[in-house]
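Residue numbers (my numbering): 348 to 627. All C-beta atoms in this analysis are idealised placements derived from N, C-alpha and C, irrespective of residue type, glycine included.
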């Protein structure tokens, strides 16, 4: 039998080359800008000054803390709702949940900030004599502004929901839960010991997308007057442009590192499954 061969497609290499140049050339240009100091030559002083820069550590830790809180709150809000809709089998509820979770995509961040700013200005004036006044003050603490967590959860909701929905479509949740229940598992045990392990890849993808959004978000934090990592980078560029670009490259490497970690954790279950099949 003649073996079928695919015709050569030389345009694939050209497309990959153009795509690689599109991403790598700006990065190389930025790196050259950070190490080439006029009158001095090549130096890595921009990178050695990063961790000693004023406010760098505080801004980075603040953004990481905000990101972790955003991931936790977004999953707590989205995962139970998505599981409940999937277990109910109601197409109407699924459509409603999808509309609600994807609605932030059509709301500009500036409009979101305008609404939050109006509420934050209205609250202290109207609630000055109530215990809620302290709540309004606490969520605007500059060292850790919880109001940004609430805003970031709304902005990350579409990405978190889409990641979880993709994972739920790949798993027969109702069959898994029914089988676990028939074997005597309680509802919490069926969900935490059976369903969630099968959604680990979706959970990791949702967490990565939410964390990446928080680390790179600038508009909301800047307009509300807070200083997470992205805002600090822009403010640092006014005094030292090379340091700002070096920090931007470092944050990009940090994001790529997180992506590699998520990919590694998502694939770590493959060998385990294969060993189980071989054992059987």
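Count the CB pairs spanning the stretch 414-431 and the stretch 545-562 that are closer than 8 Å, and state whether there are at least three.
yes
CA-CA distance, residue 582 and residue 604?
25 Å
Go ahead and pull the three-state DSSP assignment for residue 611.
helix
Could you tell me how far apart the beta carbons of residue 381 and residue 589 are, in whole angstroms, since I believe they sit closer than 8 Å?
5 Å
Distance between beta carbons of residue 428 and residue 340, contact taken as under 8 Å
Absent from the structure is residue 340, since the part of the chain shown begins at 348 and ends at 627.
For residue 480 versus residue 492, is the C-beta spacing smaller than 8 Å?
no
Between which two residues does the alpha helix (DSSP H) carrying residue 552 extend?
547-563
Just mark residue 522 as buried or exposed, buried being the case when its beta carbon has 16 or more other beta carbons within 10 Å.
That one is exposed.
Secondary structure at residue 388, three-state DSSP: helix, strand or coil?
strand
Considering only the beta carbon of each residue, do residue 551 and residue 518 sit closer than 8 Å?
Cβ distance not < 8 Å, so residue 551 and residue 518 don't count as in contact.
For the stretch 447-482, which segments carrying the alpha helix (DSSP H) assignment without a break, of at least 4 residues, lie completely within its bounds, in sequence order?
Correct list: 456-473.
Three-way DSSP call (helix, strand, coil) for residue 529 in this model
Here DSSP, grouped into helix, strand and coil, assigns residue 529 to helix.
Contacts around residue 618, its chain only, beta-carbon distance under 8 Å, and the 5 residues preceding and following it disregarded:
Reliability fails at residue 618, whose pLDDT of 41 lies under 50, so the model's placement of it is uncertain and the value that follows must be treated cautiously. Closer than 8 Å at Cβ, skipping near neighbours: no residue.
Is residue 595 near residue 580, with beta carbons less than 8 Å apart?
yes
Mind checking residue 585: buried by the 16 CB within 10 Å criterion, or exposed?
exposed
Option in 365, 607, 574 and 363 with minimal Cα separation from residue 404
A check of alpha carbon separations from residue 404 across 365, 607, 574 and 363 identifies 574 as the nearest.
Quick one, are the C-beta atoms of residue 591 and residue 576 less than 8 Å apart?
In this structure, residue 591 sits away from residue 576, with a CB-CB distance that is not shorter than 8 Å.
Residue(s) in a DSSP beta bridge with residue 383:
389
What are the boundary residues of the alpha helix (DSSP H) that includes residue 514?
Element bounds for residue 514: 493-516.
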